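**Student:**
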Amino acid sequence: LQYRSINHRVDSKSLWLYRWYYSRTCQWILSLTITIILALAFVEKPSSLTITSDVRYRLPAWNPPCGLTESIELLCFLVFMVDVSVKSYLIGWEEFWKNKWLMAYILTLIVSLTDWIVSLSFFCTENVRIRRILRPFFLLQNSSMMKKTLKSINSTLPEMASVVLLLAVHLSLFTMFAMLLFARTKDDQQDKEWVGYFRNLPDSLTSLLVLLTTANNPDVMIPAYSKNRAYSVFFILFTVLGNLFLMNLLTAIIYNQFRGYLLKSVQSSLFRRRLGIRAAFEVLSSLKETPANAQQSYVSIGALLQVLQKVEMDSRCKQAIMRSLKMCSCDQLSAAQFQKLFEELDKDAIKQHPPSPQYRSHFLQKMQFAFGHPYFGYLGNVVALANIVSICVVLVMDADKQPSERDDFFLGAINCFFILYYLLEMLLKILAMGLKRYLSYPSNRFDGLLTVILLILEIATFAVYGFPHPGWRPEFMGLLSLWDMVRLVNMLIVFRFLRIIPNMKFMALVVTTLLDLVKNLRAFAGILVVVFYAFAITGIMLFKGAVVPLGNTRKKCDFVALLGHFEAEIIYCLLYLPFVNLICRWAKIYFVAWWLISSVIWVNLFIALLLENFIHKWDRRCHREPLSDIEYQRTVELMFRDVLEEPTEEELMEKLHQHPHLQLCR
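Have a look at this one:
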């Protein structure tokens, strides 16, 4: 049911252990343990977990005593040792040596425990803790989807490397051109470009690499442009070739190589499910004596019903399967019938909305027709738009006014009017649709919840500050001032305007695509957490104490501020210069590696998945599903179900005969 591999022990004791291991309680404990060991970095020394991140103002971070976090860490290691022991036992010794992830799991635990012992022997004073960098592995190995995602990324790397190499050639050539164009001259006033950006090879490479990210554009070209406008051609050519061609070429190559990721993943998942179902058929058929001259095996419907009673699965699927079995005229099933029966698992029922109430009164029937009509919803959208426009007008008029000069009467009055309309609209929709049907639509739940919150805030405002009137500027009372209450109400009104999304089909398509990505690409997000965590821990070890509140770095940045640069440039100076200037120039490798992995590779991989998901949804929108599929919609894991290939009988049986622990009679 969960697309897991069936290559594990199948004796009764092992199956009991298997079910216990994959129970919700055990998996919850394992997930909690992984979360705890990853969260230790926030409180371990060196930690900077304070309210403010500004080194000039933050208080010293809390340093736990030696042995506290280490004790928690040891408990986590014990859980992981139980985890790897159970996994290794269940798959068997022969399969263990084939499983690289389990071997890496054991190696990671050995290195982590060794580092833990060394840490205690030094009384927690050592600066380098290797086990902290290895912690993300525990998250990685616990998810089969994350492993497959990593495998797909690994297969994409050769093609990405060719474009990255081309990008490096592009950088190198333009670096040489820049050093020749902006070479040092006798006139110091004309050498500002050389002094600031192209003094030597490392500085030149860094300047153009940062320009590739557009972070120093147009600052990097201003000195040369001030001297001669023709120098801008060099920077324009570099940006056009690098950003518009090479970076987008990288996106195209990654998409082309990675677009089959979901399809391949679903194909392998489908094969595992079909293999598991066929294995179940073989085991059930072995319970019944089959004549020697029989061409094929059969499964008793009675035996299958007994097994289904004990299986933990979705109640809708179980009821549909049992209903199909009871409607079957025969008393036994063939392999093909058995597989077809479990196709119910590949479907997800569309939620059936409750029926609208049936009114006997002719007047109520007319009201139900009027307020249940889509045009009534369109009217609500127009009113919501008018509310947004009125808020914008008031904000523009009061933008330059002092709080003492601001008259909140107009804004309070229009908010009161619109909130009353929203309440009336909600009540009329409930009258037309019925409460159960009204709440069955997510857009109505969103709309109704915000309407109730707005009503409560408006009542609280009136209770504390009275009703709106000209010159309405009462003194501060309670937790929030009147202006704070009005601003909170207006922010919720703006947020409520999102109700128009379901009425705009193309916008709804985009939003559902994003929601599907958020809900179902947890593996991708998990690897992103792994990358962030690994770079964060590495950065802590490399640059501990590099950012100081006072000193040469601060003075240099103050000089930058005096020259009239933007605040962002000052922040960039404070955050970046300490690492490069105070540690060593090799620190640039860390930041370039981070940019390559997070911005260049990872963002493009995400774009590839986004495009694939969106194109699939667009195709389905253009080619509607046949009428027979109206009751069901495909799950996200099987959204490519219509293009998948069903495994053949020979493929399934060949794989089953290779099972290390299941001995088939035929």
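Per our numbering, the sequence shown starts with residue 15, numbered consecutively. From the three backbone atoms N, C-alpha and C, an ideal C-beta is built for every residue, glycine too. Everything numeric in this text was worked out from a predicted model, so none of it was measured.
Sorted by chain position, which residues of the same chain lie with C-beta nearer than 6 Å to Lys450's C-beta, five sequence neighbours on each side aside?
**Tutor:** Excluding sequence neighbours, Lys450 sits near Pro368.
**Student:** Report the three-state DSSP secondary structure of Gln346 (helix, strand or coil).
**Tutor:** The answer is strand: DSSP assigns Gln346 an E or B state.
**Student:** Quick one: what does DSSP say Ser158 is sitting in, helix, strand or coil?
**Tutor:** Note: Ser158 maps to helix in three-state DSSP.
**Student:** Taking its Cβ as the centre, do 16 or more other Cβ atoms sit within 10 Å of His387, making it buried, or is it exposed?
**Tutor:** Flag for His387 reads exposed.
**Student:** Residue range of the alpha helix (DSSP H) that Tyr119 falls in?
**Tutor:** Note, Tyr119: alpha helix (DSSP H), Lys114 to Ser135.
**Student:** What number of angstroms, rounded off, separates the C-alpha of Trp107 from the C-alpha of Gln672?
**Tutor:** Their Cα atoms are separated by approximately 15 Å.
**Student:** Using the C-alpha atoms, what's the distance from Ile147 back to Thr122?
**Tutor:** Cα-Cα distance, rounded: 10 Å.
**Student:** Counting C-beta neighbours from all protein chains within 10 Å, is the total for Tyr452 16 or more, i.e. buried, or is it exposed?
**Tutor:** So Tyr452 ends up on the buried side.
**Student:** For Phe424 and Ile405, I'd like the C-alpha separation in whole angstroms.
**Tutor:** Looking at the two C-alpha atoms, the distance is approximately 10 Å.
**Student:** Tell me which same chain residues have a C-beta within less than 7 Å of the C-beta of Leu223, skipping the five on either side of it?
**Tutor:** Here the set comprises Leu185 and Val606.
**Student:** Determine the direct distance from the alpha carbon of Leu46 to that of Glu664, and round the result to whole angstroms.
**Tutor:** Near 42 Å, if we compare the C-alpha coordinates of Leu46 and Glu664.
**Student:** Can you find at least 3 beta carbon pairs, one from the region 255-269 and one from the region 604-621, that sit closer than 8 Å?
**Tutor:** Verdict: yes, contact present.
**Student:** Just to confirm the assignment, what range does the alpha helix (DSSP H) spanning Ser28 have?
**Tutor:** First-last of the alpha helix (DSSP H) with Ser28: Ser26 to Tyr35.
**Student:** Drop a sphere of 10 angstroms on the beta-carbon of Asp97, count the other beta-carbons inside from all chains shown, and report buried for 16 or more, exposed for fewer.
**Tutor:** Buried, since its Cβ has 16 or more Cβ neighbours within 10 Å.
**Student:** Can you check whether the CB of Leu284 is closer than 8 Å to the CB of Leu670?
**Tutor:** Taking 8 Å as the Cβ cut-off, Leu670 and Leu284 do not qualify as a contacting pair.
**Student:** Would you decide whether Trp111 is buried or exposed? Buried here means 16 or more other CB atoms lie within 10 Å of its CB.
**Tutor:** Exposed is the call here.
**Student:** Are the Cβ atoms of Gly210 and Pro237 separated by less than 8 Å?
**Tutor:** Yes, these two residues count as a Cβ contact at 8 Å.
**Student:** Is it right to say Thr83 is buried, meaning 16 or more other beta carbons lie within 10 angstroms of its own, or is it exposed?
**Tutor:** When all chains shown are included, Thr83 counts as buried.
**Student:** If we ignore side chains and look at the alpha-carbon of each, how far apart do Tyr119 and Asn401 end up?
**Tutor:** One C-alpha to the other measures close to 58 Å.
**Student:** Quick one, are the C-beta atoms of Ile551 and Ala75 less than 8 Å apart?
**Tutor:** No, the Cβ-Cβ distance between Ile551 and Ala75 is not below 8 Å.
**Student:** Measure the beta-carbon distance from Asn458 to Lys443 and round it to whole angstroms, keeping in mind my assumption that it falls under 8 Å.
**Tutor:** Contact flag correct, Cβ pair sits at about 7 Å.
**Student:** Report, in whole angstroms, the separation of the C-beta atoms of Asp345 and Ser314, which I expect to be a contact under 8 Å.
**Tutor:** Indeed, because the Cβ distance is near 7 Å, the residues count as touching under 8 Å.
**Student:** For Met555, which of Lys59, Val142, Tyr17 and Leu88 has the nearest alpha-carbon?
**Tutor:** That would be Val142, whose Cα lies nearest to the Cα of Met555.
**Student:** On a Cα-Cα basis, can you pick out the residue from Lys161, Leu116, Glu87 and Lys101 that is closest to Trp130?
**Tutor:** For Trp130, the nearest C-alpha among the options comes from Glu87.
**Student:** To the nearest angstrom, how far is the alpha carbon of Glu668 from that of Cys40?
**Tutor:** For Glu668 and Cys40, the distance between alpha carbons rounds to 33 Å.
**Student:** Could you tell me which residues DSSP pairs with Ser314 in its beta bridges?
**Tutor:** The partner list for Ser314 (beta bridge, DSSP) reads Gln346.
**Student:** Closest to Thr14 by C-alpha separation, out of Ser329, Tyr239, Met174 and Ser343, would be which residue?
**Tutor:** Given that the chain is displayed from residue 15 to residue 680, the structure contains no residue 14 and the question cannot be resolved.
**Student:** Alpha carbon to alpha carbon, how far is Asn77 from Leu263?
**Tutor:** Going from the Cα of Asn77 to the Cα of Leu263 covers about 48 Å.
**Student:** Could you tell me the distance, in whole angstroms, from the CA atom of Ser176 to the CA atom of Glu659?
**Tutor:** Ser176 and Glu659: Cα-Cα distance of roughly 32 Å.
**Student:** Check Phe196 in the structure and name its three-state DSSP category.
**Tutor:** In the structure shown, Phe196 sits in coil (DSSP, three-state: anything other than H, G, I, E or B).
**Student:** Starting from the Cα of Asn227, find the closest Cα among Leu181, Ser99, Glu326 and Phe628 and give me that residue.
**Tutor:** Going by the sequence as given, residue 227 is Thr instead of Asn. Ranking Leu181, Ser99, Glu326 and Phe628 by Cα distance to Thr227 puts Leu181 first.
**Student:** Which stretch, first to last residue, makes up the alpha helix (DSSP H) that contains Val466?
**Tutor:** First-last of the alpha helix (DSSP H) with Val466: Pro456 to Tyr479.
**Student:** Taking the alpha helix (DSSP H) that Thr220 falls in, what are its first and last residues?
**Tutor:** Thr220 -> alpha helix (DSSP H) spans Leu215 to Leu226.
**Student:** Given a cut-off of 8 Å, decide if Met447 and Gly462 are closer than it, judged by their beta-carbon atoms.
**Tutor:** It is not a contact, given that the beta carbons lie outside the stated cut-off.
**Student:** If you drop the 5 nearest sequence neighbours on each side, which residues of the same chain put their C-beta closer than 7 Å to that of Ser102?
**Tutor:** The answer, listed in chain order, is Phe110 and Leu116.
**Student:** Under 8 Å between the Cβ atoms of Leu134 and Phe91?
**Tutor:** No.
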